[in-house]
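Numbering (our numbering), first residue to last: 34 to 432.
Scroll down for the structure; my scribbles are underneath it.
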């Protein structure tokens with residue numbers, strides 16, 4: 034009887050490619066009743082590219098334009114709520130409750146964003162048909178968002194890269210859009226910066242600090258090889274991806290305040306400049322990256338919990354007392370590395386964005402180095418995940 038050989042890595046890559054294909058098809062399905070011809074001409078700049086990284090459509094006229102933005106923002110808000118709720122260590126929040134909060138917030142955010150899109154579109158119909166078209170578009174936007182989230186969840190379970198595969202499609206498409214029709218002389222500086230940022234991303238993704246740990250259960254020759262490893266870039270490219278979605282929040286707040294107080298000149302100026310084609314918007318975007326990098330590092334690495342686990346297991350960091358001293362030391366390590374990482378990423382992202390104001394980089398190419406850096410981080414994650422499944426394939430005959 035011939036034994037069939039499982040190829041886990043191949044299956045997962047094929048599943049993710051299928052997810053990407055379905056997502057690309059959905060990005061090209063226009064919304065019902067919307068005058069697509071009115072959105073043919075789109076200005077390609079840093080702001081439109083960052084919007085495209087989240088929605089996948091520069092014209093914002095497809096059924097998938099909400100993309101993962103409501104889910105990402107809901108996830109961030111849920112993390113904040115859980116962090117506040119668990120300040121009291123005696124209180125615990127179940128994963129089921131966290132998921133319910135995330136879904137509820139996601140639907141509220143999606144409904145608000147869909148309503149804003151519905152009211153702003155130019156339609157091909159009028160009168161009673163216009164109300165019908167708006168209702169259909171609203172439902173299409175909500176349904177499209179749910180489909181994208183579902184595909185991302187399935188890709189996480191059965192594919193490789195998970196929801197990041199959707200971002201990879203948008204980022205690569207945005208890079209091709211920026212490069213299209215550009216003369217060579219305009220490409221030299223942004224491409225050179227992009228190549229330098231590839232090297233920077235590789236360095237911060239592969240550099241790590243190893244903190245020696247003494248484990249009471251190990252008394253052999255491997256006792257001196259136990260350590261806690263923190264990367265220089267603790268959580269990879271995640272903050273950059275989430276920053277694309279989180280940056281929409283201050284934009285929405287600025288425009289909401291301006292609509293409430295239309296005669297306030299300061300609010301009008303802030304609302305007009307809260308984008309990546311102005312200095313104010315760039316500084317806010319960089320601040321979002323720093324905040325997300327530091328906060329995500331503490332949430333995902335949980336240095337305080339790790340210190341407690343070491344103490345309960347009877348283990349300790351070499352040369353440091355267990356308990357509060359270890360907790361302060363690990364928290365300090367995570368804080369330093371997250372700040373280093375956010376500053377390095379902020380410089381890599383901010384320099385080309387600010388160079389557009391001096392005419393050194395064409396505004397249509399200002400986001401190109403950042404896109405290169407993000408795609409590099411995603412490919413590094415893909416390589417690491419693929420290596421895990423490749424080794425699983427190798428050991429399958431023995432397990």
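We put the CB at the ideal spot given by N, CA and C, even for glycine.
Checklist entry - For residue 355 versus residue 344, is the C-beta distance shorter than 8 Å? => result Judged by beta-carbon spacing, residue 344 lies within the 8 Å limit of residue 355, meaning their Cβ atoms are closer than that value.
Next on the checklist: Suppose you measure from the CA of residue 71 to the CA of residue 61; what does that come to, to the nearest Å?
Outcome noted: Between the alpha carbons of residue 71 and residue 61 lies a gap of roughly 16 Å.
Next on the checklist: In whole angstroms, give me the CA-to-CA distance for residue 312 and residue 318.
Outcome noted: In a straight line, the C-alpha of residue 312 is about 10 Å away from that of residue 318.
Checklist entry - Using 8 Å as the threshold, is the stretch 227-246 in touch with the stretch 397-405, meaning 3 or more CB pairs across them? => result yes
Checklist entry - Can you list, in chain order, the stretches of the alpha helix (DSSP H) that have 4 or more residues and sit fully within the stretch 179-209? => result As far as the stretch 179-209 is concerned, it has no whole alpha helix (DSSP H) run of at least 4 residues.
Item to check | One or two residues paired with residue 67 in a DSSP bridge | outcome: Bridge partners of residue 67: 156.
Next on the checklist: Within 10 Å of its beta-carbon, does residue 389 have 16 or more other beta-carbons around it, so buried, or fewer, so exposed?
Outcome noted: Answer is buried; the Cβ neighbour count reaches 16.
Checklist entry - How many Å lie between residue 136 and residue 104 at the Cα? => result 8 Å
Item to check | Residues near residue 222 in its chain [Cβ-Cβ closer than 7 Å; skip 5 each side] | outcome: Correct list, in chain order: 393, 394.
Item to check | residue 280 vs residue 82 beta-carbon contact at 8 Å | outcome: no
Checklist entry - Since residue 263 is in the beta strand (DSSP E), which residue starts that stretch and which ends it? => result Residue 263 -> beta strand (DSSP E) spans 260-264.
Next on the checklist: Considering just the uninterrupted stretch of the beta strand (DSSP E) at residue 245, what are its terminal residues?
Outcome noted: Note, residue 245: beta strand (DSSP E), 241-247.
Item to check | Cβ-based burial, residue 297 [other Cβ within 10 Å; buried from 16] | outcome: exposed
Next on the checklist: Report the start-end ranges of each alpha helix (DSSP H) in the stretch 342-401 that is 4 residues or longer and not cut off at the edges.
Outcome noted: 357-388
Checklist entry - I think residue 56 touches residue 97, with their Cβ atoms under 8 Å apart; what is that distance to the nearest whole Å? => result With a Cβ gap of about 7 Å, residue 56 and residue 97 count as contacting.
Checklist entry - According to DSSP, is residue 254 helix, strand or coil? => result With a pLDDT of only 49 at residue 254, under 50, the local geometry of the prediction cannot be trusted, and the value read off the model is given with reservation. Residue 254: coil per DSSP, three-state reduction.
Item to check | Bounding residues of the alpha helix (DSSP H) (the contiguous stretch that carries residue 271) | outcome: 271-279
Checklist entry - Which whole-angstrom value describes the C-beta separation of residue 91 and residue 69, a residue pair presumed to lie in contact below a C-beta threshold of 8 Å? => result Actually they do not touch by this definition, with Cβ atoms about 12 Å apart.
Checklist entry - With 16 as the cutoff for other CB atoms within 10 Å, does residue 409 come out buried or exposed? => result Buried.
Next on the checklist: Going by DSSP in three states, residue 49 sits in which element: helix, strand or coil?
Outcome noted: helix
Checklist entry - For residue 292, which three-state DSSP category applies? => result helix
Checklist entry - Roughly how many angstroms separate the alpha carbons of residue 290 and residue 302, rounded to a whole number? => result 11 Å
Item to check | From 383, 225, 266, residue whose alpha carbon lies closest to that of residue 242 | outcome: Checking every option, the nearest Cα to that of residue 242 belongs to 266.
Checklist entry - What is the DSSP secondary structure of residue 95, counted as helix, strand or coil? => result strand
Item to check | C-alpha gap between residue 195 and residue 85, whole angstroms | outcome: Taken atom to atom, the span from the alpha-carbon of residue 195 to that of residue 85 is near 19 Å.
Item to check | Rounded distance between the beta-carbons of residue 233 and residue 41, thought under 8 Å | outcome: About 32 Å separates the beta carbon of residue 41 from that of residue 233, a gap too long to meet the 8 Å contact definition.
Checklist entry - Would a C-beta distance cut-off of 8 Å place residue 348 and residue 246 closer than the cut-off? => result yes
Item to check | Residues near residue 134 in its chain [Cβ-Cβ closer than 7 Å; skip 5 each side] | outcome: Apart from the 5 residues on each side of it in sequence, residue 134 sits with its Cβ closer than 7 Å to the Cβ of 111, 114 in its chain, given in chain order.
Checklist entry - In the structure shown, what three-state DSSP assignment does residue 335 receive? => result coil
Item to check | Alpha carbon of residue 48 to alpha carbon of residue 88, nearest angstrom | outcome: 22 Å
Checklist entry - So the alpha helix (DSSP H) residue 100 belongs to, where does it begin and stop? => result Residue 100 -> no alpha helix (DSSP H), and no H or E assigned at all.
Next on the checklist: What does the Cβ neighbour count give for residue 141, buried or exposed, with the cut at 16 atoms within 10 Å?
Outcome noted: Residue 141 is exposed by the Cβ-count criterion.
Next on the checklist: Buried or exposed, going by whether 16 or more other CB atoms sit within 10 Å of the CB of residue 416?
Outcome noted: Exposed, because fewer than 16 other Cβ atoms sit within 10 Å of the Cβ of residue 416.
Next on the checklist: Buried or exposed, going by whether 16 or more other CB atoms sit within 10 Å of the CB of residue 186?
Outcome noted: exposed
Checklist entry - Which of the three DSSP states, helix, strand or coil, is assigned to residue 35? => result At residue 35, the pLDDT of 43 sits below 50, so the modelled position is not reliable and the matter cannot be decided from this model.
Next on the checklist: Quick check on the burial criterion: 16 or more other C-beta atoms within 10 angstroms. Buried or exposed for residue 150?
Outcome noted: buried
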